[in-house]
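See below for the structure under consideration.
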Amino acid sequence: MDNTVGRLQSYFPPHQFDVLIGSLLGDARLECRSLGKRHPVTARLRIHHSDKQKDYVFWKYEIFKDITNTAPKKIMVWRDKNRNKEHYSWYFHSKSSKQLGLLHNCFYKDKTKIIPRDIFDLITPRALAVWFMDDGSNTWNSYTINTHCFSKEEQKRVIGFLKKKYDINAKIVRDRLKFKIAIGRHECLKLSAIIKPYIIPSMIYKIVNPRNDFAKQLAG
């Protein structure tokens, strides 16, 4: 098996690599800066979240600060004319590098983000927590992971990984014209126990339901 992603671990500190992998499985993207015709392929990391998740953006910025030139910026993403309300988000870019260019080659095929086949041994509990902070949803009695951008076959591999490594039973459910991963009530307690140590305070709502005893179960 080609383990290109694994070989790239040595280019990043462990905590940074975990957040990088979790983010790329989630909402982050790598933007190619050089196509490699005359020079090595380079790419930069783009982190972009809603205004509600501002603290999360700045937390990621501190993780990637040594490969980033400027602090996160606030931008207006759209204006609701009916309510006369503006909606904002926060983002930052890393510097471009050959290492991120190599990761781009692993995570993208024909300009579409994919899940590399050799990624699963590298998904630590911290990386899994970042992925869930990015794409996880709490429906109060179950979790979903918004994996709509990935193929059904890729999502099947994720389900196999969750079962094999963490004994978590998940399933693929239809969401309109696409699919996502669903984790039922008892199984999501298993996931919470694994990722809770890495969930930052501003994102705890992703795993806690203040309307019932769910938080007590997590604490216990």
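Letter 131 of the sequence shown, counting from 1, is numbered 142 in this note's numbering, and no numbers are missing.
Quick reminder that beta carbons are idealized off the backbone N, C-alpha and C, glycines included.
Quick caveat: nothing in here was measured; it's all calculated off a predicted structure.
Would a C-beta distance cut-off of 9 Å place residue i and residue j closer than the cut-off?
i: glutamine 166; j: phenylalanine 23; result: no
i: glycine 147; j: serine 45; result: no
i: methionine 87; j: tyrosine 102; result: no
i: leucine 36; j: phenylalanine 28; result: no
i: isoleucine 134; j: phenylalanine 172; result: yes
i: isoleucine 194; j: leucine 202; result: yes
i: histidine 115; j: valine 68; result: no
i: threonine 15; j: aspartate 91; result: no
i: aspartate 132; j: glycine 17; result: yes
Leaving out five residues before and five after residue i in sequence, what residues of the same chain have Cβ atoms less than 6 Å from its Cβ?
i: glycine 33; result: Ala138, Val141 and Trp142
i: isoleucine 78; result: Ser105 and Lys106
i: asparagine 149; result: Lys217
i: aspartate 66; result: Ser213
Which of the three DSSP states is assigned to residue i in this structure?
i: threonine 53; result: strand
i: threonine 79; result: coil
i: arginine 128; result: coil
i: leucine 46; result: coil
i: lysine 106; result: coil
i: serine 100; result: strand
i: lysine 122; result: coil
i: valine 141; result: helix
i: leucine 188; result: coil
i: arginine 18; result: helix
i: arginine 94; result: coil
i: serine 162; result: coil
i: valine 219; result: coil
i: isoleucine 32; result: helix
i: isoleucine 170; result: helix
i: isoleucine 205; result: helix
Please return the same chain residues whose Cβ sits closer than 7 Å to the Cβ of residue i, not counting the five positions on each side in sequence.
i: arginine 196; result: Asn152 and Ser153
i: tryptophan 70; result: Ile211
i: tyrosine 209; result: Pro136, Arg137 and Ala140
i: isoleucine 192; result: Thr155, Ile156, Thr158, Gln166, Val169, Ile170, Ala181 and Ile183
i: asparagine 80; result: Lys106
i: glutamate 42; result: Ala54, Arg55 and Arg57
i: alanine 39; result: Leu56, Arg57 and Ile58
i: cysteine 199; result: Ser153 and Tyr154
i: lysine 189; result: His159
i: aspartate 186; result: His159
i: cysteine 117; result: Thr15, Val16 and Pro127
i: isoleucine 205; result: Pro136, Leu139 and Tyr177
Within a Cβ cutoff of 8 Å, which residues of the same chain sit near residue i, ignoring the five residues on either side of it in sequence?
i: valine 30; result: Lys71, Ile74, Phe75, Arg137, Ala138 and Val141
i: lysine 84; result: Trp101, Tyr102 and Phe103
i: glutamine 64; result: Trp101, Ser213 and Met214
In the DSSP assignment, what are the bridge partners of residue i?
i: serine 148; result: Thr155
i: lysine 182; result: Ala193
i: serine 61; result: Ser100
i: methionine 87; result: Tyr99
i: leucine 41; result: Leu56
Examine the Cβ distances between the segment 120-132 and the segment 56-71 and report whether three or more of them are shorter than 8 Å.
Output reads no: the segment 56-71 does not touch the segment 120-132.
Count the C-beta pairs between the segment 71-81 and the segment 165-180 that are closer than 8 Å, then say yes if the count reaches three, no if not.
Contact between the segment 71-81 and the segment 165-180 is absent, because fewer than three Cβ pairs lie under 8 Å.
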